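Residue numbers (this note's numbering), protein chains in the order written: chain B, 1 to 289; chain F, 1 to 334; chain U, 1 to 434. Note that CB positions come from ideal geometry on N, CA and C, so glycine has one too. All figures in this text were calculated on a predicted structure; none of them were measured in a lab. Notes for the one structure printed next.
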Amino acid sequence: MIELLAQTGLNALYAAAYMSLVAVGLVLIFGVMGVINFAHGELFMMGAYTVVALYTDFQMPYVLVVGLAVMFVGALGIFMEWSMFRPLRDNPLGGLVASIGFLMILQAAVSMGFGVRMEHVPPVTQEVIEFSDRVRLPVQRLVVILAAVVLLAALWAFLKKTRFGWALRASAQDREAAALQGISIRQTAQIAMFIGAGLAGVAGALTAPLISVNPHMGHSVIIAAFIVIIVGGIGSLEGAVIAAVIYAFVHTFVTTFYDGVVADIVGLSLMLLVLVVKPTGLFGTADRA
Amino acid sequence: MPRSLIHVLAWPLLGVFLIALPHVLSFSQQEILAYLVFNVLLVASYRLLTLTGEWSLGHVVIMGVGAYGSALYTKHFGVPVPVSMLLGAGTAALIAMVLSYPLFRMKGFYFLIGSFAAGEIIRLLWKRYREPFGGPKGLKRIDPMPDIDIGIWSFDFFEPVSYYYFALAVVAVCLWIMWRIERSPVGLTFHAVHWQDNLAESAGVNVRAYRTLAFVIASGFAGLSGALMAHYIGTINPTSFDVEQMVFVLTWAIVGGTATFYGPILGCVVLTILNEIVLREMGFEQMRPMIYGLVMILSVLFLPKGLESIVQRLVGRKPAPGALAEPTRMEDRA
Amino acid sequence: MIAKFFQKGVSRRKFLGTTASAAGLGLVGSTLPKRAFAADKTVKVGFLAPLTGPVAAWGKPGLDGCEIWAEWVNDAGGLEIGGETYAVEFVGYDNEYDPAKARAGATKLIREDGVKFIMMLGGDTWAGVERVADQTGMLFSTLLPSDLGPETTTLIAPAEVHPVYNVTGVEWMAEQHPDLKTAVICAQDDALGLPSVATYLAAFEAAGIEMQQEPLLFDPATTDFAPVVTKLISDNPDIVCLDTCYADYVHPIVEQLFQQGYEGQIISCTADFYDQMVEKTSKEFMEGFIFQFPDFDDPELNKDFINFKDPNKFFEVYNERHPGEWGAVSWEYASIMDLWAAAAQKAGSVEPDAVLEAMTADGSGKHAFGDADWWGEDLFGIDHALVGNWPVVRIEDGKARIMAYKSIPEWYDKHGELLKKHMADFGQMWNQRG
Numbered sequence: 001m002i003e004l005l006a007q008t009g010l011n012a013l014y015a016a017a018y019m020s021l022v023a024v025g026l027v028l029i030f031g032v033m034g035v036i037n038f039a040h041g042e043l044f045m046m047g048a049y050t051v052v053a054l055y056t057d058f059q060m061p062y063v064l065v066v067g068l069a070v071m072f073v074g075a076l077g078i079f080m081e082w083s084m085f086r087p088l089r090d091n092p093l094g095g096l097v098a099s100i101g102f103l104m105i106l107q108a109a110v111s112m113g114f115g116v117r118m119e120h121v122p123p124v125t126q127e128v129i130e131f132s133d134r135v136r137l138p139v140q141r142l143v144v145i146l147a148a149v150v151l152l153a154a155l156w157a158f159l160k161k162t163r164f165g166w167a168l169r170a171s172a173q174d175r176e177a178a179a180l181q182g183i184s185i186r187q188t189a190q191i192a193m194f195i196g197a198g199l200a201g202v203a204g205a206l207t208a209p210l211i212s213v214n215p216h217m218g219h220s221v222i223i224a225a226f227i228v229i230i231v232g233g234i235g236s237l238e239g240a241v242i243a244a245v246i247y248a249f250v251h252t253f254v255t256t257f258y259d260g261v262v263a264d265i266v267g268l269s270l271m272l273l274v275l276v277v278k279p280t281g282l283f284g285t286a287d288r289a
Numbered sequence: 001m002p003r004s005l006i007h008v009l010a011w012p013l014l015g016v017f018l019i020a021l022p023h024v025l026s027f028s029q030q031e032i033l034a035y036l037v038f039n040v041l042l043v044a045s046y047r048l049l050t051l052t053g054e055w056s057l058g059h060v061v062i063m064g065v066g067a068y069g070s071a072l073y074t075k076h077f078g079v080p081v082p083v084s085m086l087l088g089a090g091t092a093a094l095i096a097m098v099l100s101y102p103l104f105r106m107k108g109f110y111f112l113i114g115s116f117a118a119g120e121i122i123r124l125l126w127k128r129y130r131e132p133f134g135g136p137k138g139l140k141r142i143d144p145m146p147d148i149d150i151g152i153w154s155f156d157f158f159e160p161v162s163y164y165y166f167a168l169a170v171v172a173v174c175l176w177i178m179w180r181i182e183r184s185p186v187g188l189t190f191h192a193v194h195w196q197d198n199l200a201e202s203a204g205v206n207v208r209a210y211r212t213l214a215f216v217i218a219s220g221f222a223g224l225s226g227a228l229m230a231h232y233i234g235t236i237n238p239t240s241f242d243v244e245q246m247v248f249v250l251t252w253a254i255v256g257g258t259a260t261f262y263g264p265i266l267g268c269v270v271l272t273i274l275n276e277i278v279l280r281e282m283g284f285e286q287m288r289p290m291i292y293g294l295v296m297i298l299s300v301l302f303l304p305k306g307l308e309s310i311v312q313r314l315v316g317r318k319p320a321p322g323a324l325a326e327p328t329r330m331e332d333r334a
Numbered sequence: 001m002i003a004k005f006f007q008k009g010v011s012r013r014k015f016l017g018t019t020a021s022a023a024g025l026g027l028v029g030s031t032l033p034k035r036a037f038a039a040d041k042t043v044k045v046g047f048l049a050p051l052t053g054p055v056a057a058w059g060k061p062g063l064d065g066c067e068i069w070a071e072w073v074n075d076a077g078g079l080e081i082g083g084e085t086y087a088v089e090f091v092g093y094d095n096e097y098d099p100a101k102a103r104a105g106a107t108k109l110i111r112e113d114g115v116k117f118i119m120m121l122g123g124d125t126w127a128g129v130e131r132v133a134d135q136t137g138m139l140f141s142t143l144l145p146s147d148l149g150p151e152t153t154t155l156i157a158p159a160e161v162h163p164v165y166n167v168t169g170v171e172w173m174a175e176q177h178p179d180l181k182t183a184v185i186c187a188q189d190d191a192l193g194l195p196s197v198a199t200y201l202a203a204f205e206a207a208g209i210e211m212q213q214e215p216l217l218f219d220p221a222t223t224d225f226a227p228v229v230t231k232l233i234s235d236n237p238d239i240v241c242l243d244t245c246y247a248d249y250v251h252p253i254v255e256q257l258f259q260q261g262y263e264g265q266i267i268s269c270t271a272d273f274y275d276q277m278v279e280k281t282s283k284e285f286m287e288g289f290i291f292q293f294p295d296f297d298d299p300e301l302n303k304d305f306i307n308f309k310d311p312n313k314f315f316e317v318y319n320e321r322h323p324g325e326w327g328a329v330s331w332e333y334a335s336i337m338d339l340w341a342a343a344a345q346k347a348g349s350v351e352p353d354a355v356l357e358a359m360t361a362d363g364s365g366k367h368a369f370g371d372a373d374w375w376g377e378d379l380f381g382i383d384h385a386l387v388g389n390w391p392v393v394r395i396e397d398g399k400a401r402i403m404a405y406k407s408i409p410e411w412y413d414k415h416g417e418l419l420k421k422h423m424a425d426f427g428q429m430w431n432q433r434g
């Protein structure tokens, strides 16, 4: 029983790691641009497909590919900002619809270029850390956990310690006031978009060897990410991380001790409960959203 | 003078056009036409909800409540089909009433996501309980509309043309009712609730009650649209009402524009014809979602006020008062 | 621009093949390139299945297989039916796995394109088409026999009688490894997973294998399978059964079984792309993995009683044109066409009622894996499922090999009541559906 609990805890830790990478990116984009990026799951998918194209097919070194995935997906983010979100700045519903259109384009492009079936990503490492016979942590999963910790810590430092970070936080709080302070809205939006998309891309690239890569893989990720950002409080980065951890642990333990469908219902009910009791989320504040 | 003549003639002309329409279409286009009529009702009811400023992501699930309700009433209680459709619509309204208690504690973006969560829970319940909802496979062999013989006319409702006329009549009545509601003092209050939330409140308007009212009425019509669909296709399942379908409804409304009554209807008609007829005829199979997505992006970029703005320019009319202005930033209202 | 980027990315996987199929997508629904064959008439066959969207993997590869089939037939001069030669043309309609679109598609194929036979994936989409079939008498085929019912008189399930053939794998395993006594099973909670769970439970009970846990159901949206696997192997079962999980689930589950240190027997309905699983785990780990879908280059498929035409060549051509897409549905629709062509020739007509009559007249038919019987009254309420032998496949040294052909009717004669009991428990009998 102890072993089962320990193994489930490790499983939950991994789920929390990749989920917080995705959710934090979503929150960042929403915070700075006020737009719900429905295509966020597809950015995650693009990260995974970068690995398929460069690592599986061109056999480039995995570490390099992960870096390229961040750049590529981040660039996609900047492209989205430039082509859609900036012109639609005052039209959040328009931005939402545009991101849905973008999602359909990405899915179709990938289906046509790679086929509709799942893709193969050879294992990067098959090393497993064995704590005991039934408590094991594959190194690839450990990498995801560590990467999430490092990247989120770096993001935190960036936001708190640098001028860009300060500008970013300022424009997330009040765009007009930030503009009056001489902050370039355009620049901060692009940085936020690059970071947000890049985080989704890195999550996709790091988990690609562990999950099924197919053109529709973004769908299940985005729903979980929505639940996480609601529970955490939209606009709160810390909240997103903590909520990702809570959600991942609840979902993983319920899956292991009951079943997966019940876990989904519990997750959604949790979110609805938070919405009813404290609509601004566990860590959101009333004046921000 | 000629202008008012057009106004006088417009409705009869439209009626003649809609009655003649199926006879110039191919068989599969008739199928799509019948389907289009249900969706027009759905998207028009969605606009009624958005009048108060709230955007829901649960509307398609509510439509499903009507569909499941109506199908189950005929199956288990032998209720005749047209009656069960009304009961299904009533069930959808009732469920909306219940949901409104938690949901209208929220506004704006929170309401959007809250409605999505509520809808997903309902959908998971359909999936989870094979009795009575049929589980993931849903319900099959739902009773069709019984055939009718009226004198020289006989209607076999398997035929898309017959069902189209039936649905057209039902939807026309519904649209008329919704139109009347919007023009009534209640409807004007909906607008007020949207645009001058605080002012309306200080004027003694119970904002939440009006939001609930709009939600319940819109849900009733959505439920009816689901019931119309269920008895035509003969099968429904939880996937028929998932978030992807909802996304289509949302895009119809936004691409069409929601400032006018006809905007969302226009969006629904144009986008459906584009996706189901034009792109299919052109032989794009796997590329179809890509082009559809591109058209969506281009239309919100270059027609920010929707397709309706083109019509307004052509007709040269100013938008109705109270329904102009730009969409507000959702976050401002949260 | 994005598409171009990716087309470059796939160059290793036969750039030409992929782009040709991408560029040729417009081909779906249009005529095949005209060839100088003797055929003077054309018979059209509808292909009404998901070609885009999440379920496309169950449709698109089948259409690709059918195009090869049509090419072969037409290059050989077409089909001789009733004294005339017919070229065969496939007309595709993408139903997106949506019942309403399937209905519109069926209407188009029947009334506008004039097809004589329609192949479907079935499932949700069949329910939308059912009334069209009733009214028009068109002959349809499905891959999912659970669509059958007493009233579906023009629907046949001639390729696979999912999930009943899964009993053959369990039966063979129990004969070979009588020491395996306990099992666990997991499945996605959907129309494919549940009847399959019932079948495996019946097969395990018949073989005297005990279930350690209730079947573990997961939502189709699951991406991380570590928790599922942790639970499955928590009591050290001898056998882990993967039911009819989609390839997208089989792979991560198997990988997790490997990483969490499972060492027992694995049995599954499918193992599409098993070579990738070997790469993700190890040859030793995958050794002895039992499933039901052979590679078509298997020498066992060249036996005389096999009715599928030139399976080895078909496999080769398919993999050349669509690298990385081979799976169960790649050959199934094509095998249905073999059956249809034989029946049409026998009937001397391409009309649906005549073909159906000729197909089922003597109660047996030429199934891909050997002659088989029209069967199903007990489970489906109608004898419209073609059931005979089914191969049991095992992975040996990293390659799938057919171990044996096992008879489904023989198993059913012995254990039919068990199957009915478990099917009824899961609400899967024809009279419980709907």
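Cβ-Cβ distances below 6 Å link E127 (chain B) to V139 in the same chain, with the five nearest sequence neighbours on each side left out; the list follows chain order. By the neighbour-count criterion, in which 16 or more other beta carbons inside 10 Å mark a residue as buried, F194 (chain B) falls on the buried side. Contact between K305 (chain F) and A253 (chain F) does not hold, since the beta-carbon distance rounds to 13 Å and is not under 8 Å. Straight-line measurement puts the Cα of Y35 (chain F) at about 11 Å from the Cα of R103 (chain U).
Those residues of the stretch 105-120 of chain B placed with their C-beta closer than 7 Å to a C-beta in chain F are I105, Q107, A108, A109, S111 and M112, ordered along the chain. Taking a C-beta distance under 9 Å as the contact criterion, K41 (chain U) and G114 (chain U) do not qualify as a contact pair. Nearest CB-CB separation between T272 (chain F) and chain U: not below the 9 Å threshold. Leaving aside the five residues that flank H251 (chain U) on each side, the residues in its chain whose CB is nearer than 8 Å to its CB run, in chain order, F273, Q276, M277 and K280.
Within the stretch 120-188 of chain F, the complete alpha helix (DSSP H) segments of 4 residues or longer fall at 130-133 and 160-183, listed in chain order.
In the three-state reduction of the DSSP assignment, V184 (chain U) falls in the strand class.
Interface criterion met: the Cβ of Y292 (chain F) is under 9 Å from a Cβ in chain B.
In the DSSP assignment, the residues bridged to C241 (chain U) are U:I185 and U:I267.
With respect to chain F, the C-beta atom of V276 (chain B) has a partner C-beta closer than 9 Å. Judged by their CB atoms, K108 (chain U) and Y86 (chain U) are not nearer to each other than the 9 Å cut-off. C-alpha of P92 (chain B) to C-alpha of V255 (chain F): approximately 13 Å in a straight line.
Among the residues of chain B, those whose CB is under 7 Å from the CB of E325 (chain U) are G115 and R117, following chain order. In the structure shown, W69 (chain U) adopts helical secondary structure according to DSSP, grouped into three states. Closer than 7 Å at the C-beta level to chain U, one finds these residues of the stretch 15-48 of chain B: A15. When CB distances to chain B are screened at a threshold of 7 Å, the residues of the stretch 252-277 of chain U falling below it are P252, Q259, Q260, G261, F273 and Q276, in chain order. For F131 (chain B), the number of other beta carbons within 10 angstroms of its own is below 16, and it is reported as exposed. Under the three-pair Cβ rule at 8 Å, the stretch 262-274 of chain B does not count as touching the stretch 27-41 of chain F. Taking a contact as a CB-CB distance under 8 Å, the pair E325 (chain U) and R117 (chain B) counts as one, their CB atoms being some 6 Å apart. With its beta carbon less than 9 Å from one in chain B, P102 (chain F) belongs to the interface. For G365 (chain U), the pairing in a beta bridge is given by DSSP as U:A372. Scanning the stretch 52-125 of chain B for uninterrupted alpha helix (DSSP H) segments of 4 residues or longer gives 62-80 and 92-114, listed from N- to C-terminal end. Straight across, the Cα-Cα distance linking H367 (chain U) with N389 (chain U) is about 9 Å. Nearest Cα to L76 (chain B) within the set B:M104, B:M46 and B:V63: B:M46.
The contact set of G94 (chain B) on chain F, defined by CB atoms closer than 7 Å, consists of I254, V300 and P304 in chain order.
In this structure, the alpha-carbon of I222 (chain B) lies about 7 Å from that of F38 (chain B). Exposed is the label assigned to S154 (chain F), since fewer than 16 other Cβ atoms lie within 10 Å of its Cβ. For N389 (chain U), the three-state secondary structure derived from DSSP is strand. Contact with chain U is absent for F109 (chain F), since none of that chain's Cβ atoms lies less than 9 Å from the residue's Cβ.
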